[in-house]
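Undergrad: Numbering (my numbering), first residue to last: 181 to 328.
Just so it is clear, CB atoms sit at the ideal spot from N, CA and C, and this is done for glycine as well.
Bear in mind the structure is a predicted one, so any value in this text is a computation, not a measurement.
Provided herewith is a single structure, encoded as structure tokens, for subsequent inquiry.
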Amino acid sequence: MENEVIKTEDYQKLIFEESLKQTALLEKQTKMVKTQTIVVSVLMLIVAAALIILSTQVGGVLEQANSAIEEITVLTKELNTVLEESNLTELLNNANSLIAESGDALTKALEDVDEALKTIGQIDIKTLNDAIADLKKIIQPLANLFGR
């Protein structure tokens, strides 16, 4: 029996030592969990702060975008009003037809000039000079007769 008591004491001692080891390990685990909890909490705070900062910046960007869109809308309305009041489309159409008419008139004038140049080119200058000289011979005596 004495052997059995020793064995029981040894077992109890062994169990106590193991219990101490387990307690130490549990304490380490508890410290690790606390550390992890703190780290995760800090990270969550950083993420939350970043989200708040980003949301305010995005809000500012959206506000600027809305302002820009409003200005573009106003400018577009003003441009439409100016275009409607100035009848720019009608003016451009009139200018286009005026340019087309001017082009046609210029083409016709150039054709007439070409025809005139052809006619002038057909004139026999020598014969014309001879005719003028003959006319002068005829008119000279008549001019003398009338006192010139």
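So, helix, strand or coil for F196, using DSSP?
TA: Reading the sequence shown from its first residue, position 16 is the one you call residue 196. F196 falls in the helix class under three-state DSSP.
Undergrad: For D304, which three-state DSSP category applies?
TA: Locating residue 304 in the sequence shown gives position 124, counting from the first residue. Coil at D304, not helix or strand.
Undergrad: Mapping the DSSP letters down to three states, classify N267 as helix, strand or coil.
TA: Taking the sequence shown and counting its residues from 1, the one referred to as residue 267 is at position 87. If DSSP states are grouped into helix, strand and coil, N267 belongs with coil.
Undergrad: Between A229 and the rest of its own chain, which residues show a CB-CB distance below 6 angstroms, the 5 nearest in sequence each way excluded?
TA: The residue you call residue 229 lines up with position 49 of the sequence shown. Correct list: empty, nothing qualifies.
Undergrad: Report the three-state DSSP secondary structure of G133 (helix, strand or coil).
TA: The requested residue 133 does not occur in the structure, where the chain is confined to residues 181 to 328.
Undergrad: Less than 8 angstroms between CB atoms is the rule here; does V227 satisfy it with respect to chain B?
TA: In the displayed structure, chain B is absent; only one protein chain is listed.
Undergrad: Quick one: grab the DSSP three-state call for G283.
TA: Within the sequence shown, residue 283 is the residue found at index 103, counting from 1. Correct three-state label for G283: helix.
Undergrad: Taking the C-alpha atoms as reference points, what is the distance between K187 and K201?
TA: Locating residue 187 in the sequence shown gives position 7, where the first residue counts as 1. Locating residue 201 in the sequence shown gives position 21, where the first residue counts as 1. Roughly 21 angstroms between the two C-alpha positions.
Undergrad: Between the alpha carbons of L205 and V238, how many angstroms are there, rounded?
TA: Numbered from 1 along the sequence shown, position 25 holds the residue referred to as residue 205. Numbered from 1 along the sequence shown, position 58 holds the residue referred to as residue 238. Rounded to the nearest angstrom, the two C-alpha atoms are 48 angstroms apart.
Undergrad: CA-CA distance, S199 and I218?
TA: As a position in the sequence shown, residue 199 is number 19, starting the count at 1. As a position in the sequence shown, residue 218 is number 38, starting the count at 1. Cα to Cα, the separation comes out at about 28 angstroms.
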